[in-house]
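Residue numbers (our numbering): 403 to 486.
Built from N, CA and C at the ideal position, the CB exists for glycine as well.
Everything numeric in this text was worked out from a predicted model, so none of it was measured.
The structure under discussion appears below in the form of structure tokens.
Right under this line is the structure:
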């Protein structure tokens, strides 16, 4: 049962940036995004990714971390693409 909740939480949590990605892409506006916050989130996610490489199991956390890194990378790319 814990495994099911782990996967559920990892899946739901991995979607947290999706609305921001969609809004940024459709409006082509990054005025209200903090690039410092994006880089802090990216560096924390990268550190967690490196830590998780050596860990057995923890697959829901690894899944969430990979999706989170892809999401924050997407936002960083959009930020630098649309910044004025």
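Taking contact to mean 3 or more Cβ pairs, one atom from each stretch, closer than 8 Å, check whether the region 463-482 and the region 437-450 are in contact. Enough Cβ pairs lie closer than 8 Å, so yes.
Please state if the CB of residue 485 and the CB of residue 432 are separated by a distance shorter than 9 Å. Here residue 432 refers to the residue found at position 30 of the chain shown. Here residue 485 refers to the residue found at position 83 of the chain shown. Going by C-beta atoms, residue 432 is nearer than 9 Å to residue 485.
With a floor of 3 residues, list each beta strand (DSSP E) that falls wholly inside the region 440-471, ordered by position along the chain. Whole beta strand (DSSP E) segments, 3+ residues: zero.
Option in 451, 471, 416, 427 with minimal Cα separation from residue 483: Taking the chain shown and counting its residues from 1, one reaches residue 483 at position 81. Residue nearest to residue 483 within the set 451, 471, 416, 427 is 427 (criterion: CA-CA distance).
Going by alpha carbons, who is nearest to residue 409 out of 473, 460, 456? Against the chain shown, residue 409 aligns to sequence position 7. Taking the Cα of residue 409 as reference, the smallest distance to any Cα among 473, 460, 456 is reached at 460.
Between the CA atoms of residue 421 and residue 411 - distance to the nearest angstrom: Counted from its first residue, the chain shown places residue 411 at position 9. Counted from its first residue, the chain shown places residue 421 at position 19. Those two C-alpha atoms are separated by around 17 Å.
Would residue 416 be called buried (16 or more neighbouring beta carbons within 10 Å of its own) or exposed? The count along the chain shown starts at 1 and reaches residue 416 at position 14. Burial is judged here by how many other beta carbons sit within 10 angstroms of a residue's own beta carbon; residue 416 has at least 16 and is buried.
By how many angstroms is the C-alpha of residue 473 removed from the C-alpha of residue 423? Along the chain shown, one-based indexing puts residue 423 at 21. Along the chain shown, one-based indexing puts residue 473 at 71. Cα atoms of residue 423 and residue 473: separation of roughly 8 Å, rounded to the nearest angstrom.
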